[in-house]
Amino acid sequence: MVQIRLVGYNYRVAGIIKPFANSVSVSGIRFGAVQYSDTSRVEFTFTTYLNGTELVNAVQNLNYKGGNTRTGAGLKFVADNFFNPAASRDVPKITILITDGKSQDSVQEPAQKLRSQGVHVFAVGIKSADRNELAQISSQPSSDFTSFVGDFKLLNTLLPLVSPRVCSKAGGVYASDEAFSGPSNIQFFGQTSDSLRFRWSPAGGPVSGYAVQYVPLSGLGQPITAELRQETVSASQRIFTARELRSGTDYLVTIIAQYPNSVGESVSAKQRTKSLPGVSSLRLVEAGFFSLTVGWGQPSSPVQGYRLTYGPRGQARAYHCFYSLSVSIT
Numbered sequence: 001m002v003q004i005r006l007v008g009y010n011y012r013v014a015g016i017i018k019p020f021a022n023s024v025s026v027s028g029i030r031f032g033a034v035q036y037s038d039t040s041r042v043e044f045t046f047t048t049y050l051n052g053t054e055l056v057n058a059v060q061n062l063n064y065k066g067g068n069t070r071t072g073a074g075l076k077f078v079a080d081n082f083f084n085p086a087a088s089r090d091v092p093k094i095t096i097l098i099t100d101g102k103s104q105d106s107v108q109e110p111a112q113k114l115r116s117q118g119v120h121v122f123a124v125g126i127k128s129a130d131r132n133e134l135a136q137i138s139s140q141p142s143s144d145f146t147s148f149v150g151d152f153k154l155l156n157t158l159l160p161l162v163s164p165r166v167c168s169k170a171g172g173v174y175a176s177d178e179a180f181s182g183p184s185n186i187q188f189f190g191q192t193s194d195s196l197r198f199r200w201s202p203a204g205g206p207v208s209g210y211a212v213q214y215v216p217l218s219g220l221g222q223p224i225t226a227e228l229r230q231e232t233v234s235a236s237q238r239i240f241t242a243r244e245l246r247s248g249t250d251y252l253v254t255i256i257a258q259y260p261n262s263v264g265e266s267v268s269a270k271q272r273t274k275s276l277p278g279v280s281s282l283r284l285v286e287a288g289f290f291s292l293t294v295g296w297g298q299p300s301s302p303v304q305g306y307r308l309t310y311g312p313r314g315q316a317r318a319y320h321c322f323y324s325l326s327v328s329i330t
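Here the sequence shown is numbered in UniProt numbering, starting from 1 and rising by one per residue.
Take a look at the structure:
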């Protein structure tokens, strides 16, 4: 169960599945996923993906579901649709709740219903999640079934704690994968007013590719998620150019290592595109009784034309005329 509003959440959530990807099969571990807000949305059921590669790819491609945080309704939906007696098999049952906010409805009864169905409930809270609420939702003892981090970027630090506990409750023995170093050292060079060019140092291990994400930041430094873009490049690629960007805008760039059955570590960095060049050295060439001739210096970068605005000085509602002029006129 997922309710997160942050950029790149899908790749970090996929990291929770990473240790179990090789065990996903018809006769092995199965995963289902639900995103919730005002309503609940089934992303996939226990029978949709029966191998680890398809499962991880599906989580990576989850689309953010906007709305309020109705965790109680989300828990009830999972209890009714994933773990009701008619749908359940006689196997260990686990729910992992991941949320970054306090619920706007009651969680007590829905959580109790889920636990009464024999489901082990893990609650993972991020940033603004309510710790007392997480303990109310989770199985007992809550110290074994709840986890919390103050920053979304630290979610991966919980994996060594959460994954062995989940594996134990699923009836397995946890064996961690070899730890590979992630991509590092993003360096920007050659940026323009509408592009950023950058390189990075490669990740370790059998990398199958990299996901490159870039998103503009607001004046307060928050990602504008509606404008998030992502492209996938080959494992051998080390340089990328993000194009068609806003001028004079800060961007957050994230490089995420991808492996055949899992998602690796990531590295992020910020950079600002150049501002569009302005006209310089505006000068009066000639003044007549009813006319003015002016000149100006041509900007260093190519322009499509000029707009000339003029009016009487000192008048609050002066009449202004606008002309679109040829780029050759200076």
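Note that the Cβ used here is the ideal one computed from N, Cα and C, for glycine as well.
Which one or two residues does DSSP pair with residue i in a beta bridge?
i, result
"residue 387", "Since the first residue shown for the chain is 1 and the last is 330, residue 387 is missing from the structure and cannot be characterised."
"Ala269", "Val253"
"Pro216", "Tyr251"
"Ser201", "Ser184"
"Arg229", "Tyr214"
"Phe240", "Phe198"
"Leu292", "Ala287"
"Gly209", "Ser234 and Gln258"
"Pro223", "Leu217"
"Val263", "Gln258"
Would you report the Cα separation of residue i and residue j, rounded to the nearest angstrom?
i, j, result
"Leu217", "Leu276", "18 Å"
"Ala242", "Phe198", "9 Å"
"Pro92", "Leu245", "49 Å"
"Phe145", "Arg131", "12 Å"
"Ser280", "Val294", "12 Å"
"Ser168", "Ser147", "16 Å"
"Ala79", "Ser128", "25 Å"
"Leu75", "Leu114", "7 Å"
"Ser247", "Leu55", "38 Å"
"Ala287", "Trp296", "15 Å"
"Pro164", "Pro141", "16 Å"
"Val263", "Ser193", "32 Å"
"Gly72", "Gln222", "28 Å"
"Asn63", "Thr225", "11 Å"
"Val233", "Phe77", "38 Å"
"Asp177", "Val166", "At Asp177, the pLDDT of 49 sits below 50, so the modelled position is not reliable; the number obtained from the coordinates is stated separately. Cα to Cα, Asp177 sits roughly 15 Å from Val166."
"Ser268", "Asp90", "43 Å"
"Thr309", "Leu228", "36 Å"
"Ser139", "Phe83", "16 Å"
"Ala135", "Thr69", "17 Å"
"Gln117", "Ser143", "21 Å"
"Tyr214", "Glu231", "9 Å"
"Asn185", "Phe240", "14 Å"
Identify, in the order they occur along the chain, each residue of the same chain with its Cβ nearer than 6 Å to the Cβ of residue i, setting aside the five sequence neighbours on each side.
i, result
"Lys65", "Gln35, Ser37 and Arg41"
"Arg30", "Phe46"
"Gly205", "Phe180"
"Pro19", "Ser163"
Kindly list the residues whose CB is nearer than 8 Å to the CB of residue i, restricted to its own chain and excluding five residues on each side of it in sequence; keep chain order.
i, result
"Ala58", "Ala33, Glu43, Phe44, Thr48 and Tyr49"
"Gln271", "Phe188, Gln191, Leu196, Phe198, Asp250, Tyr251 and Val253"
"Gly278", "Pro299"
"Val285", "Thr293, Val294 and Gly295"
"Lys274", "Gln191, Thr192, Ser193, Ser247 and Gly248"
I'd like the list of long-range same chain contacts for residue i, defined as Cβ closer than 7 Å, with 5 residues on each side in sequence excluded.
i, result
"Glu133", "Lys102, Ser103 and Val107"
"Arg238", "Arg199, Trp200 and Pro202"
| Which whole runs of the alpha helix (DSSP H) in the UniProt domain "VWFA" (13 to 162) are 4 residues long or more, in chain order? | If one requires a minimum length of 4 residues, the alpha helix (DSSP H) runs lying completely within the UniProt domain "VWFA" (13 to 162) are 52 to 60, 71 to 81, 108 to 116, 131 to 137 and 142 to 145, in chain order.
| Three or more C-beta pairs closer than 8 Å, one from the region 117 to 127 and one from the region 87 to 102: is that the case here? | Between the region 117 to 127 and the region 87 to 102, the count of C-beta pairs closer than 8 Å reaches three or more; the two stretches touch.
| request: Evaluate contact between the region 11 to 26 and the region 104 to 121, counting only Cβ atoms and requiring at least three cross-stretch pairs below 8 Å. | output: no
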